[in-house]
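Engineer: Residues in the sequence shown are numbered consecutively from 1, following the numbering used here.
Glycine included, every Cβ here is placed at the ideal spot set by N, Cα and C.
This is the structure I have questions about; it appears just below.
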Amino acid sequence: MLRNLRLHVEKDYSSMSQQAAEIFAAAVRANAITAAKTANPRPAYGFATGSTPVGMYKELILMHKSGNVNLSNITAFNLDEYYPISPTDPQSYRVFMRENLFDAVGTPPENTYIPDGQAKDPIAECAAYDEKISKAGGIYMQILGIGNNGHIGFNEPGASLMATTWHTPLAQATIDANARNFASVNDVPRHALTMGMHSIMMAKQILLLASGEGKAEILHKALCGPITTNVPASLLQLHNDVIIVADQAAARLL
Ligand code: GLP
Numbered sequence: 001m002l003r004n005l006r007l008h009v010e011k012d013y014s015s016m017s018q019q020a021a022e023i024f025a026a027a028v029r030a031n032a033i034t035a036a037k038t039a040n041p042r043p044a045y046g047f048a049t050g051s052t053p054v055g056m057y058k059e060l061i062l063m064h065k066s067g068n069v070n071l072s073n074i075t076a077f078n079l080d081e082y083y084p085i086s087p088t089d090p091q092s093y094r095v096f097m098r099e100n101l102f103d104a105v106g107t108p109p110e111n112t113y114i115p116d117g118q119a120k121d122p123i124a125e126c127a128a129y130d131e132k133i134s135k136a137g138g139i140y141m142q143i144l145g146i147g148n149n150g151h152i153g154f155n156e157p158g159a160s161l162m163a164t165t166w167h168t169p170l171a172q173a174t175i176d177a178n179a180r181n182f183a184s185v186n187d188v189p190r191h192a193l194t195m196g197m198h199s200i201m202m203a204k205q206i207l208l209l210a211s212g213e214g215k216a217e218i219l220h221k222a223l224c225g226p227i228t229t230n231v232p233a234s235l236l237q238l239h240n241d242v243i244i245v246a247d248q249a250a251a252r253l254l
């Protein structure tokens with residue numbers, strides 16, 4: 001494994017979540033001090049959805065409430081949103097983030113950005129999203145999960161990848177995997193708006209979480225296999241500051 005990837009292997013999901021929350025909170029504390037002296041006093045962080053980071057978000061809420069970290073003073077950019085979807089739909093990533101983190105830590109809604117799943121002009125919405133990230137001074141730390149097929153955000157495996165935020169069809173494997181959160185597979189939106197590979201890779205640091213036996217093979221491919229558009233997460237090998245926090249089951253093949 002490359003030297004620019006720092007790997008933490010934790011016993012189980014709970015210790016993975018705790019370790020990831022501690023790493024994230026340490027970054028927030030450190031950046032708050034430096035950012036206070038800059039034009040962007042609310043440093044931006046990148047958030048992910050999916051089941052993997054939920055435990056980490058729970059830990060962060062506890063840390064926030066006990067005064068260990070202040071998450072009300074950050075700017076948040078989410079990786080992606082289904083398209084089309086209403087921001088009040090229980091399956092939207094907007095609702096997911098409010099329920100799993102933002103409401104509990106009081107991050108003001110005007111500082112939490114998620115692509116608009118109802119945008120009339122999705123292409124313009126994507127361009128505006130990258131512009132907002134850049135105006136916020138870029139992302140200090142981007143939290144990532146990994147899809148079973150190696151996607152990050154909703155950048156699906158294929159012959160090519162996109163650089164900036166874009167309007168993407170979802171892979172059938174992703175529709176099937178995410179159907180568990182919807183009444184039926186037919187209710188899963190067929191598209192999404194997602195930060196592209198460059199938008200993700202521009203983050204100063206990447207914090208990737210992986211849990212469970214089901215992620216072992218793809219995590220191994222992503223970190224130790226060839227860099228290929230067929231495994232979008234493998235491009236992280238080209239980033240110079242990646243922290244992986246995995247439980248033993250997910251790290252089994254590393
Ligand atoms: C989703 C999200 C990704 C997430 C992935 C894995 O579709 N777009 O950001 O990392 O799938 O989800 P999980 O953590 O539930 O395995």
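Give the secondary structure of residue 47 by DSSP, where H, G and I count as helix, E and B as strand, and everything else as coil.
Structural biologist: Walking along the sequence shown from the start, residue 47 turns up at place 47. Strand.
Engineer: Just to be sure I understand the criterion: a residue counts if its Cβ is closer than 6 Å to at least one heavy atom of the ligand GLP. Which residues meet that?
Structural biologist: Going by the Cβ distance cut-off, the answer is 48, 49, 50, 51, 52, 79, 80, 145, 146, 147, 153, 154, 174 and 178.
Engineer: With a CB to CB cut of under 6 Å and the five nearest residues on each side skipped, what residues in its chain are close to residue 185?
Structural biologist: For the purposes of this step, residue 185 is identified with residue 185 of the sequence shown, where counting begins at 1. Correct list, in chain order: 179.
Engineer: Helix, strand or coil: which one does DSSP assign to residue 176?
Structural biologist: Position 176 of the sequence shown, counting from 1, holds the residue named residue 176. Here residue 176 sits in helix by DSSP.
Engineer: Report the option in 238, 251 and 83 whose CA atom is closest to the CA atom of residue 3.
Structural biologist: The count along the sequence shown starts at 1 and reaches residue 3 at position 3. Nearest C-alpha to residue 3: 238.
Engineer: On a CA-only basis, which of 240, 153 and 172 is nearest residue 199? Give me that one, please.
Structural biologist: Translated into positions along the sequence shown, residue 199 becomes position 199. Measuring from the Cα of residue 199, the nearest candidate turns out to be 153.
Engineer: Using the beta-carbon count (16 or more within 10 Å), is residue 240 buried or exposed?
Structural biologist: Translated into positions along the sequence shown, residue 240 becomes position 240. It counts as exposed.
Engineer: Output the residue ranges of the beta strand (DSSP E) runs that lie fully inside the region 122 to 206 and measure 3 residues or longer, sorted by chain position.
Structural biologist: Listed in chain order, they are 139 to 144, 166 to 169 and 191 to 194.
Engineer: Tell me where the alpha helix (DSSP H) around residue 31 begins and ends.
Structural biologist: In the sequence shown, residue 31 corresponds to position 31, counting from 1. 13 to 35 is the span of the alpha helix (DSSP H), which, as asked, contains residue 31.
Engineer: Round the Cβ separation of residue 41 and residue 189 to the nearest angstrom and send it over; I've been treating them as touching at under 8 Å.
Structural biologist: As a first step, residue 41 must be located in the sequence shown, where it is residue number 41. As a first step, residue 189 must be located in the sequence shown, where it is residue number 189. Wrong, their Cβ atoms sit about 36 Å apart, outside the cutoff.
Engineer: Give the DSSP bridge partners of residue 244, in chain order.
Structural biologist: Counting from one through the sequence shown, the residue named residue 244 turns up at place 244. Paired residues: 7 and 208.
Engineer: Mark residue 67 as exposed unless 16 or more other C-beta atoms lie within 10 angstroms of its C-beta, in which case mark it buried.
Structural biologist: Here the question's residue 67 lines up with position 67 in the sequence shown. Exposed, since its Cβ has fewer than 16 Cβ neighbours within 10 Å.
Engineer: Does DSSP classify residue 89 as helix, strand or coil?
Structural biologist: Residue numbering aside, residue 89 sits at position 89 when the sequence shown is read from its first letter. Coil at residue 89, not helix or strand.
Engineer: Determine, using beta carbons only, whether residue 78 and residue 113 come nearer to each other than 8 Å.
Structural biologist: As a first step, residue 78 is located in the sequence shown; it is residue number 78 there, counting from the start. As a first step, residue 113 is located in the sequence shown; it is residue number 113 there, counting from the start. It is a contact, given that the beta carbons lie within the stated cut-off.
Engineer: Any chance the region 32 to 47 sits against the region 136 to 144, with 3 or more Cβ pairs inside 8 Å?
Structural biologist: Cβ pair count under 8 Å is three or more, so yes.
Engineer: By Cβ distance below 7 Å, which residues in the same chain neighbour residue 123 in space, the five residues on each side in sequence not counted?
Structural biologist: Counting from one through the sequence shown, the residue named residue 123 turns up at place 123. If we look at residue 123 and ignore the five residues flanking it on each side, its Cβ neighbours are 167.
Engineer: Give every residue of the same chain whose Cβ lies closer than 7 Å to the Cβ of residue 29, excluding the five residues on either side of it in the sequence, and list them in chain order.
Structural biologist: In the sequence shown, residue 29 corresponds to position 29, counting from 1. The residues are 69.
Engineer: In the structure shown, what three-state DSSP assignment does residue 80 receive?
Structural biologist: Within the sequence shown, residue 80 is the residue found at index 80, counting from 1. Residue 80 falls in the strand class under three-state DSSP.
Engineer: If you check the beta carbons only, do residue 208 and residue 144 fall under 8 Å apart?
Structural biologist: For this step, residue 208 is matched to residue 208 along the sequence shown. For this step, residue 144 is matched to residue 144 along the sequence shown. Going by C-beta atoms, residue 208 is nearer than 8 Å to residue 144.
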